[in-house]
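In what follows, a single structure is set out as structure tokens and then discussed.
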Amino acid sequence: MDDERIRERERLQIEQIRELDFEELQVEEVDDLHDSDSDDNNDDLSSFPFSSHAQASGNLGDDELMFNPALASLHMYLGEVEDTQNRVSFVDGGTVLKIPLFYLEGVVLFPEATLPLRIIQPSFLAAVERALNQANAPSTIGVIRVYREGAQFKYASVGTTAEVIFLYFLISFPFK
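Residue numbers (the working numbering): 819 to 994.
Dropping the structure here:
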């Protein structure tokens with residue numbers, strides 16, 4: 819019964835995401851203030867190579883891409899994933915948990931939304947390992963938005979808990 823309810827909720831989320839893919843977005847261009855800062859210590863997710871675009875047939879130049887909305891909705895760019903065990907959907911109000919915290923630039927996670935992540939930073943990989951092995955809230959992480967204000971990082975005062983549902987390793991990573 820719970821599995822049917824979860825699958826129905828996931829199906830509705832996929833439909834909502836697909837509808838959003840076709841909405842026209844308002845884009846605001848912002849100057850990048852940290853170009854001269856050290857690039858080797860960059861926690862900016864935009865520096866990681868990934869693409870939800872597909873090369874169009876011969877009509878476009880070599881450097882032009884065409885957005886494929888179906889790819890983003892289905893999160894197919896993540897490759898094959900496996901289901902994690904010990905899923906917990908809800909936590910009682912007022913419960914205090916000690917969970918790993920993901921601070922993501924430009925990302926706001928809403929309750930019951932899906933957030934596919936490709937994690938390559940060692941600190942975030944270690945956080946996922948801790949989340950999978952914790953007893954009080956298995957497979958649970960916290961997600962909070964970080965943003966720039968001038969040259970400084972600021973953290974949002976409110977975040978969301980997220981559950982690790984699927985996990986896939988692209989490279990061999992030894993856990994200690």
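Virtual Cβ for every residue (Gly too), placed ideally from N, Cα, C.
Note that the coordinates shown come from a computational prediction; the quantities given were computed from them, not determined experimentally.
Whole angstroms is fine: what's the gap from Ile835's alpha carbon to Ile959's?
Taking the straight line from one Cα to the other gives about 22 Å.
Would Ser941 be called buried (16 or more neighbouring beta carbons within 10 Å of its own) or exposed?
Result: exposed.
If you measure between the beta carbons of Ala980 and Leu950, is that distance less than 8 Å?
Taking 8 Å as the Cβ cut-off, Ala980 and Leu950 do not qualify as a contacting pair.
Output the distance between the C-alpha atoms of Val925 and Ile962, rounded to the nearest integer angstrom.
For Val925 and Ile962, the distance between alpha carbons rounds to 8 Å.
Is Ala955 near Leu922, with beta carbons less than 8 Å apart?
Not in contact: Ala955 and Leu922 (Cβ atoms no closer than 8 Å).
Which residues in the same chain as Ala974 place their Cβ atom closer than 7 Å to its Cβ, once the five residues preceding and following it in sequence are excluded?
Cβ neighbours of Ala974 beyond the five flanking positions: Ile962, Arg963.
Cα separation between Glu837 and Leu830?
If you take the alpha carbons of Glu837 and Leu830, they lie about 11 Å apart.
Could you check which residue in Arg823, Ile937, Ile832, Glu826 has the C-alpha nearest to that of Val982?
When only C-alpha atoms are compared, the closest one is Ile937.
Does the beta-carbon distance from Ala945 to Pro918 come in below 8 Å?
Their beta carbons are under 8 Å apart, which means Ala945 touches Pro918 by this criterion.
Under a Cβ-count criterion, where at least 16 other Cβ atoms within 10 Å of its own Cβ denotes burial, should Leu927 be classed as buried or exposed?
Under this definition Leu927 is a buried residue.
Tell me the DSSP secondary structure of Val964 in three-state form.
Of the three classes helix, strand and coil, the one that applies to Val964 here is strand, per DSSP.
Hey, could you find the ends of the alpha helix (DSSP H) Ala944 is sitting in?
Its alpha helix (DSSP H) spans residues 940-951.
Could you spell out the range, first to last residue, of the beta strand (DSSP E) harbouring Lys972?
Element bounds for Lys972: 970-973.
In whole angstroms, what is the alpha-carbon distance linking Arg966 and Gln939?
Approximately 20 Å, taken between the alpha carbons.
Pull the bridge partners of Ile835 from the DSSP assignment, please.
None; Ile835 has no bridge partner.
Is the CB of Leu919 under 8 Å away from at least one CB in chain D?
Reference to chain D is not applicable here, since this structure consists of a single protein chain.
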